[in-house]
Structure formats: C-alpha cells, structure tokens
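> Residue numbers (our numbering): 1 to 141. Sharing a structure, written as structure tokens. Questions coming.
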C-alpha cells in the first residue's frame, strides 16, 4: 500500500465510486474539492443516479471514459464485487476512504492484479482547515 500524495492523482481524472444520497453532503464536498483542484471527477453509483446536481453514472458502460484512478466510498462487500471490474476497465490505482472499505484479502487481490492502493480521505489533500490538520498528523502531503 502506498502513502497518499498528490501524485496519486497525476492523471487528473478520478472515478468516484459510491457517490450517494446517504453521504450526500460529504460526497459533494469531496467532489467540489477535487474539481477545484483541476481533477475531472466521474461519480458512479449503481443504485441511483437521480436527484443529484451532477451526473452520476450507474455503471462502467455509461462512463464517457474510465479514469486510471478510482476512489471508493463503499462497503467491503461491494468492494469485493467491483475489484475485477476495475481491473478489466483499466483502473490502475484505488484510493480507499477508510478501513470499512477494504480488508487484507482485498489488498492482496489488488496487489495480485497490479492495482496500486492507498487509504485516506481525499479531503486531506484537497480540503482546507481541519482536513489539512488531519493530513499533517497522518503524514500526507
């Protein structure tokens, strides 16, 4: 697993898997911080894509393109289900929000498939205030 840094997002595109109404305020905050940093974000949620103020794609077939980097804000069960699809669609890097999104078996599978991984909230890199303080203590730059 790699320590998160801005180079993780060097392609300037990100697939945001798990953009949802359940965490809508947080999702909007992350989305906006990434966009403000010059990253094109493709939100995706297979359950519902209506009622958002941004386009939320239901699956890979709807995406205009699949970025090489993905951010996952989903549970472990759903992460297990999507890892193969990520690899099949050319994703090379995965950022997990926290340890509720992955376990050691998922990390091993990613490693075996050649997918680089990191764990952190993107707001530690692209947010401000408390997020920057959190990043400092987490050693993220």
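Glycine included, C-beta positions come from ideal geometry on N, C-alpha and C. Predicted model, so just to flag it, every value in this text is computed and none were measured.
Report yes or no: do three or more beta-carbon pairs, one from the stretch 86 to 94 and one from the stretch 107 to 117, lie closer than 8 Å?
With a cut-off of 8 Å, the stretch 107 to 117 and the stretch 86 to 94 count as touching, because enough Cβ pairs lie within range.
> When the Cα atoms are used, what is the spatial distance from residue 99 to residue 83?
Taking the chain shown and counting its residues from 1, the one referred to as residue 99 is at position 99. Taking the chain shown and counting its residues from 1, the one referred to as residue 83 is at position 83. Computed Cα separation, rounded: 16 Å.
> Do residue 101 and residue 76 have their CB atoms nearer than 8 Å?
As a first step, residue 101 is located in the chain shown; it is residue number 101 there, counting from the start. As a first step, residue 76 is located in the chain shown; it is residue number 76 there, counting from the start. Yes; because the gap between Cβ atoms is below 8 Å, this pair is in contact.
> What's the C-alpha gap between residue 22 and residue 112?
Position 22 of the chain shown, counted from the first residue, corresponds to residue 22. Position 112 of the chain shown, counted from the first residue, corresponds to residue 112. Distance between the alpha carbons of residue 22 and residue 112: 32 Å.
> According to DSSP, simplified to helix, strand and coil, what is residue 82?
Walking along the chain shown from the start, residue 82 turns up at place 82. Three-state result, residue 82: helix.
> Does DSSP put residue 73 in a helix, a strand or coil?
Within the chain shown, residue 73 is the residue found at index 73, counting from 1. Looking at residue 73 - three-state DSSP - the assignment turns out to be coil, as it is neither helix nor strand.
> Specify, as a first and last residue, the run of the alpha helix (DSSP H) that residue 106 falls within.
Residue 106 sits at position 106 when you count from the first residue of the chain shown. Its alpha helix (DSSP H) spans residues 104 to 112.
> Would you decide whether residue 105 is buried or exposed? Buried here means 16 or more other CB atoms lie within 10 Å of its CB.
Reading the chain shown from its first residue, position 105 is the one you call residue 105. So residue 105 ends up on the exposed side.
> Hey, how far is the Cα of residue 53 from the Cα of residue 32?
Numbered from 1 along the chain shown, position 53 holds the residue referred to as residue 53. Numbered from 1 along the chain shown, position 32 holds the residue referred to as residue 32. If you take the alpha carbons of residue 53 and residue 32, they lie about 12 Å apart.
> From residue 38 to residue 12, what does the alpha carbon distance come to, in whole angstroms?
Numbered from 1 along the chain shown, position 38 holds the residue referred to as residue 38. Numbered from 1 along the chain shown, position 12 holds the residue referred to as residue 12. Looking at the two C-alpha atoms, the distance is approximately 7 Å.
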